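Quick note: the sequence shown, position 102, residue 101 per numbering that gives the first Met the number 0, numbers continuous.
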Amino acid sequence: MNTKVPANGLGHLRIVLSETAYIGPGRADLLDFIAASGSIAAAGKAMGMSYKRAWSLVQALNDGFGAPLVLSSRGGAGQGGAVLTPLGQAVLARYRAMQDMAAAAIADDVAALRSMIADISE
Numbered sequence: 000m001n002t003k004v005p006a007n008g009l010g011h012l013r014i015v016l017s018e019t020a021y022i023g024p025g026r027a028d029l030l031d032f033i034a035a036s037g038s039i040a041a042a043g044k045a046m047g048m049s050y051k052r053a054w055s056l057v058q059a060l061n062d063g064f065g066a067p068l069v070l071s072s073r074g075g076a077g078q079g080g081a082v083l084t085p086l087g088q089a090v091l092a093r094y095r096a097m098q099d100m101a102a103a104a105i106a107d108d109v110a111a112l113r114s115m116i117a118d119i120s121e
C-alpha cells in the first residue's frame, strides 16, 4: 500500500459520509486497480496487501454505501472476476474529482508554503 505523502501538497483526502461510508486514497486506489485488473486478488497484490485484506475493504465499501460498488464472481475453473458497478464507478469518479478540486483550491497556498522551505542543498 502506498504510505508516502503525495507531493501535490494535498496530503490524503478522506471523505467521511457516515460511520460506515467513507472513501480515501487507499480505497479509491483499490477500486482503480479492480477496474483495471478485473480481480480483487490482483488489485490487492498490486497494492501489496493480501486477498483477505482487499476483500475486507471491498466488503466495507459495499456495506458502507448500502449497495455494491464492486461485484465479484467466484474463482475456480471459470476464473471468477470483479467489476465496478455503475455506483462504484460514480463514487470513484466523484472522489477523484474532489481530489483534483481540493488540490486546485490550495495550490497557491501550497506554493507559498513551499517557498518557505529552507534550501538545504548547499
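Glycine residues also receive a C-beta, built at the ideal position from the N, C-alpha and C atoms.
As the structure is a computational prediction, the values presented were derived from the model and not from experiment.
Boundaries (first-last residue) of the alpha helix (DSSP H) holding residue i
i	result
L60	50-64
G87	85-114
Residues near residue i by beta carbon distance below 8 Å, same chain, minus five either side
i	result
S17	G63
R73	G79
V69	L30, I33, I39, V57, L60, N61, A81, V82, L83, T84, G87
S49	G43
T19	A59, D62, G63
Residue range of the beta strand (DSSP E) that includes residue i
i	result
S38	No beta strand (DSSP E) holds S38; DSSP gives it neither H nor E.
L70	69-72
Cβ separation of residue i and residue j, assumed to be a contact under 8 Å, to the nearest whole Å
i	j	result
L83	I33	6 Å
L91	A27	6 Å
Residues near residue i by beta carbon distance below 7 Å, same chain, minus five either side
i	result
R13	Y21, G23
A42	L29, F32, I33, S36, A53
Whole-angstrom distance between residue j and residue i, CA atom to CA atom
i	j	result
D99	K51	31 Å
V109	P67	37 Å
V15	S114	32 Å
Y94	H11	12 Å
I105	M97	12 Å
I116	D107	15 Å
S71	A89	18 Å
A111	G65	42 Å
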